[in-house]
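Peer 1:
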Amino acid sequence: MAFTLRQVQFFVAVAEQGSVTRAAQNLSISQSSVTEALKELESDLGVELFERHSRGLTITHSGHQFLRHATKILASVSDARTSFSGQQSALSGTLNIGVTSLVAGYVLSDLLARYRRACPGIEVSAIEDNGGYLEHLLVGGELDVAVMVISNLRDRMALQAEILETSPYRLWLPMGHPLVSADIISVADIAREPLIMLTVDEIEENTGKLLSALGARPHVAFRTRSVEAVRSLVATGAGVALLPDLVYRPWSLEGDRIESRDVSGSLPVVQVGMVWRKGSSLPQAARDFVGIAESLRSGRIR
C-alpha cells in the first residue's frame with residue numbers, strides 16, 4: 013500500500029517536534045494515531061525513520077533523507093491547492109530581498125522555490141550579508157524585505173519584524189562522547205570541552221556571553237564561518253559546538269553521526285524572521301513573499 017499524505021504530514025510534524033506527544037498536540041489528534049501512521053509509513057518505505065529510546069525519538073539517516081522529500085511533497089500539494097483557489101499571483105515586477113548567512117542555507121531555498129512557483133512573473137534579486145548591513149539597506153529602501161536573524165535587531169524604531177521561527181541552542185557532540193549519555197548537561201560541562209565556534213551572525217557573541225557569565229573562558233579549538241565545517245569537526249571528535257537547533261543535521265558530509273543534546277539552564281535562542289521598513293507600504297510582491305513565508309514555516313498542509 014502506497015503511503016498517504018496524512019502519513020507524510022504526521023512524519024514531518026514528529027521530525028520537527030522530536031516527539032510524538034508534541035506532534036500529536038500540535039495536530040490536535042491522538043498519540044496512537046501518529047504512532048500508527050509512522051509504523052505504516054516505515055513499513056511502506058522499508059526503512060526505519062526514527063530510532064526509539066528512553067529520551068524519545070531520534071531521526072535516522074534514512075529519516076533525514078526522507079524528510080527532504082516529505083517537505084517538498086507537502087509544499088507541492090499546498091501549491092496545487094493555491095493554484096485552484098485564485099491566489100496565484102499574476103503580478104510582474106521585481107522583489108529585492110536580503111538574507112543573513114545563518115539563514116541562507118536553511119530557510120531561503122525552500123521559501124524562494126515556493127515563491128517562484130506562486131509568482132512566476134516576479135523577478136527576484138537576493139543579497140546575502142550581515143544583519144547590520146541588511147538593516148541599512150532596508151532603512152534606505154534598497155531592499156523590500158529581509159529574511160534574517162532578528163534576535164539582535166538593532167534599529168527596531170525604523171524596522172518592523174515578524175518572527176518565523178524560534179530556535180533554541182543545543183550541544184553538538186560526536187558519537188561516543190561521555191556527555192552523550194549524561195542525564196543532565198550544564199554550561200560548566202561545556203566550558204571544559206574544546207569548542208568549535210561558528211562565527212556568523214551573533215552566534216560567537218552569544219556563546220561567549222553565555223560562558224563568560226559563569227566565569228568560564230571558552231577553550232576555542234577552531235573558528236569557522238562554515239556550518240558544514242563545524243559538523244565535520246564535531247563528528248570527528250575535534251570538539252563540541254553550541255548552536256541553534258535550526259542548523260542541526262544528524263550527519264556530516266562524510267557520513268559521520270552527530271548527536272544533539274539539551275543543556276540545562278537559561279540559554280539564548282535565535283529568532284529568524286521577516287523584516288521590512290516601518291511605515292512603508294510593502295509592494296504586492298513583497299506582501300506575497302511574507303505570506304508564503306508564514307504558510308511555509310509550519311511545513312504542514314492547511
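Under my numbering, the letters of the sequence shown match residues 13 to 314, in that order.
Where a beta carbon is used, it is the ideal one built from N, C-alpha and C, also for glycine.
Computed from a predicted structure; not experimentally measured.
#1: Whole-angstrom Cβ separation of P230 and L207, contact assumed at under 8 Å?
#2: How close, in whole Å, do the beta carbons of T72 and L61 come, if the pair is a contact with beta carbons under 8 Å?
#3: If you draw a straight line from the C-alpha of L171 to the C-alpha of A116, how long is it?
#4: Buried or exposed: I196, going by 16 or more other Cβ atoms within 10 Å of its Cβ?
#5: Taking Cβ positions, are G249 and P190 nearer each other than 8 Å?
#6: In this structure, does DSSP put Y260 in helix, strand or coil?
#7: For V239, which residues from the same chain have a beta carbon less than 6 Å from its beta carbon, with the 5 sequence-adjacent residues on both sides left out?
#8: Kindly indicate the opening and closing residues of the alpha helix (DSSP H) around V32.
#9: I think I139 touches G110, with their Cβ atoms under 8 Å apart; what is that distance to the nearest whole Å?
#10: Under 8 Å: do the stretch 269-288 and the stretch 159-174 share three or more Cβ pairs, one atom per stretch?
#11: Pull up the CB-CB distance for L255 and L210, whole angstroms please, since I reckon it's below 8 Å.
#12: Grab the span of the beta strand (DSSP E) containing L210 for me, first residue to last.
#13: Let me know the secondary structure DSSP gives I304 once reduced to three states.
#14: May I have the straight-line CA-CA distance separating R18 from A49, to the nearest angstrom?
#15: Would you decide whether Y181 is buried or exposed? Buried here means 16 or more other CB atoms lie within 10 Å of its CB.
#16: Buried or exposed: where does R243 fall if 16 or more other Cβ atoms within 10 Å of its Cβ makes it buried?
#17: Does the separation of the CB atoms of T112 and L146 fall below 8 Å?
Peer 2: Reading it off the structure:
#1: As a first step, residue 230 must be located in the sequence shown, where it is residue number 218. As a first step, residue 207 must be located in the sequence shown, where it is residue number 195. At roughly 5 Å, the Cβ-Cβ gap stays under 8 Å, so P230 and L207 are in contact.
#2: Counted from its first residue, the sequence shown places residue 72 at position 60. Counted from its first residue, the sequence shown places residue 61 at position 49. Confirmed, about 6 Å.
#3: Here the question's residue 171 lines up with position 159 in the sequence shown. Here the question's residue 116 lines up with position 104 in the sequence shown. For L171 and A116, the distance between alpha carbons rounds to 20 Å.
#4: For the purposes of this step, residue 196 is identified with residue 184 of the sequence shown, where counting begins at 1. I196 comes out exposed.
#5: Locating residue 249 in the sequence shown gives position 237, counting from the first residue. Locating residue 190 in the sequence shown gives position 178, counting from the first residue. Contact: no.
#6: Here residue 260 refers to the residue found at position 248 of the sequence shown. Here Y260 sits in coil by DSSP.
#7: For this step, residue 239 is matched to residue 227 along the sequence shown. Cβ within range, chain order: V259.
#8: Taking the first residue of the sequence shown as position 1, residue 32 is located at position 20. Run containing V32: V32 to L39, per the alpha helix (DSSP H) assignment.
#9: Numbered from its first residue, the sequence shown carries residue 139 at position 127. Numbered from its first residue, the sequence shown carries residue 110 at position 98. Going by Cβ atoms, the distance from I139 to G110 rounds to 5 Å, so yes, they are a contact pair.
#10: yes
#11: In the sequence shown, the residue the question calls residue 255 occupies position 243. In the sequence shown, the residue the question calls residue 210 occupies position 198. The Cβ separation is near 6 Å, so the contact holds.
#12: Locating residue 210 in the sequence shown gives position 198, counting from the first residue. Where L210 is concerned, the enclosing beta strand (DSSP E) stretches over P206 to L210.
#13: As a working mapping, residue 304 is identified with position 292 in the sequence shown. In this structure, I304 counts as helix in the three-state DSSP scheme.
#14: Your numbering for residue 18 matches position 6 in the sequence shown. Your numbering for residue 49 matches position 37 in the sequence shown. Between R18 and A49, the C-alpha separation is close to 8 Å.
#15: In the sequence shown, counting from the first residue as 1, residue 181 sits at position 169. Buried, because 16 or more other Cβ atoms sit within 10 Å of the Cβ of Y181.
#16: For the purposes of this step, residue 243 is taken as the residue at position 231 of the sequence shown. Buried, by the Cβ-count rule.
#17: As a first step, residue 112 must be located in the sequence shown, where it is residue number 100. As a first step, residue 146 must be located in the sequence shown, where it is residue number 134. Contact flag set, yes.
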